[in-house]
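Residue numbers (the numbering used here): 65 to 485.
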Amino acid sequence: MDHFIYHDGILHAEKVPIPGIVAQVGTPFYVYSTATLERHFYLFDDALKEFDHLVCYAMKAASNQAIIKTLAALGAGMDVVSGGEYQRAISAGVPTDRIIFSGVGKTRAEMEMIVRGGVRQVNIESEAEMLILDEIAQANSEKVPVAIRVNPDVDAKTHSKIATGKSENKFGIPISKARDVYAMAGKLKGLDVIGIDVHIGSQVTDLEPFALAYKKVAELTKILRADGHDIRRLDLGGGLGIPYSRSNGPLPLPKDYGEMIGREVGHLGCELEIEPGRLIAGNAGLLVSSVIYIKQGEERKFLILDAAMNDLVRPAMYDAHHEIIPVKEPNDCADSVIFDVVGPVCETGDTFARECTLTSLKDGDLVAFRSAGAYGAVMASEYNSRPLIPEVLVKDDQFAIIRPRPTLEELINRDKLPPWL
Ligand code: LLP
């Protein structure tokens, strides 16, 4: 459920009519709903309420500080994967004991930053990284809480580019080697080995792969405890998928996910962490765009929008589907037209949808891409010298620009000419 609904024939974000935002910021832009962000956070928080737990929002999904602050105010922790995300979380006022530092290739500089700044836990991804973290921790007279990310060799049954839990993926240490790596970690004076971390992939729409992975984590917990490790925290990763189209059928809900977690690992008495990103932010955001032209090709009709693949790369990159709806609600007898919906960027990959049935639209009309809140703005680029598009946050009947549209001068003046030119 989200808070983007038609009222009086016009699409609203909560109580704010989308055309009202367009009048102030122009198109294209991203708009997020505070109520939807909050609702999704609470769905997870409630799902784990029987356990000592922390829901750590995976900031990579949408990392504007206004979004982080909204969630942190509800008690969310943050899962960060770079020094940049760590700094963003700190700037948004997230306490360091609620920040988990993940990521498959943490640099020495990033680890120094978090050891000095403070962190809830570092999720270790390799023996090499573990040794460097230990060295940095000892040099700073710190003992850093760590979980080791294990690769459970489970097929998450999702798009190959976002599956992470198979042995051929670059993530974590093979679960078969876990005992040895934990034994090694236990001897390092700069590390406090507190838990196990696992994350099998993103947009996972079936609970079974999670259950398989968590079963393996439960077995490992018992083995490691018998080896003398005080395993008291399990980080179960993120990845629960969202419906991108109405035909997606019923997907497992956070409540179902929480029950499954309870069944698989609830008996271990560990503090539980989860790292959802997409399910919190995905359906909390729209990309709003205008029609520039309608063009009749030989065989197809093209709807050319002012948003492009640089603004929302998911269709080009993962063949992802985002539902496209008109901002003006179509009435029951409106004609339907089949369009290929495209952006103005100079490649055929800049296609959002093929053979998409929409109502009849004309130049200047507004459309919205649904489910664009996660992995939308954060993956945008300035390809074709198109400035990053603004982000807007709505709360009830108010809205605020949380990232303005840069001017072309700002974009161009970032280039510095060498002295010989
Ligand atoms: N934790 C870790 C360690 C992760 O790598 C990820 C996502 C998450 C949590 C959050 O997963 P979520 O709940 O959002 O599924 N750009 C792609 C998605 C990449 C996901 C990367 N890792 C897309 O647009 O589909």
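By construction, the Cβ of each residue, glycine as well, lies at the ideal position given by its N, Cα and C atoms.
Compare the Cα-Cα distances from residue i to each of the options and report the closest residue.
i	options	result
D291	L351, A242 and G330	A242
Y246	N128, R289 and M123	R289
I356	D429, S424 and A348	D429
I74	N395, Q185 and T134	N395
D383	T222, T91, K207 and I164	T222
D375	G361, K365, D414 and I402	D414
L284	F274, R327, V214 and A275	V214
I344	G302, H331 and G333	G302
I465	Y121, P92 and I69	P92
L138	A126, M324 and G157	G157
P318	V352, L271 and Q185	L271
L118	V431, G148 and I163	I163
R478	P470, L485 and W484	P470
N233	G141, M248, D217 and V89	D217
A371	E393, C334, I389 and V409	V409
E473	P451, F463, V401 and P340	P451
S166	T160, E189 and G148	E189
State yes or no: is the C-beta of residue i nearer than 6 Å to some heavy atom of ligand 1?
i	result
G349	no
G413	no
G148	no
G486	This structure gives no information on residue 486, because the portion of the chain shown stretches from 65 to 485.
G188	The sequence shown places Ile at residue 188, rather than the Gly named in the question. Every heavy atom of ligand 1 is 6 Å or more from the Cβ of I188, so no.
Y439	yes
P340	yes
R378	yes
H117	no
I212	no
H263	yes
G303	yes
S231	no
A122	yes
S240	no
A125	yes
I306	no
I476	no
I226	yes
S449	no
S445	no
S266	yes
S309	no
S166	yes
Could you check what DSSP says for residue i in three-state terms: helix, strand or coil?
i	result
H223	coil
P483	coil
I237	strand
E337	strand
I164	strand
V183	coil
R378	helix
A111	helix
S354	strand
A282	helix
K365	strand
L304	strand
K359	strand
A371	coil
M65	coil
D383	coil
S18	Beyond the ends of the chain as shown, which are 65 and 485, falls residue 18; an answer cannot be given.
N395	coil
E328	helix
L128	Before going on, a small fix: residue 128 reads as Asn here, not Leu. Looking at N128 - three-state DSSP - the assignment turns out to be coil, as it is neither helix nor strand.
E149	helix
Y321	helix
Would you list the one or two residues that DSSP bridges to residue i?
i	result
T421	I402
V80	A77
G265	A227
F416	Note: F416 sits in no beta bridge, so no partner.
C120	G141
E199	E199 is not bridged to any residue.
G259	A211 and R297
G349	Y96
A464	L457
D70	Checking the sequence, you will find Tyr at residue 70 rather than Asp. Note: Y70 sits in a beta bridge opposite L75.
F433	L351 and I388
I188	I212
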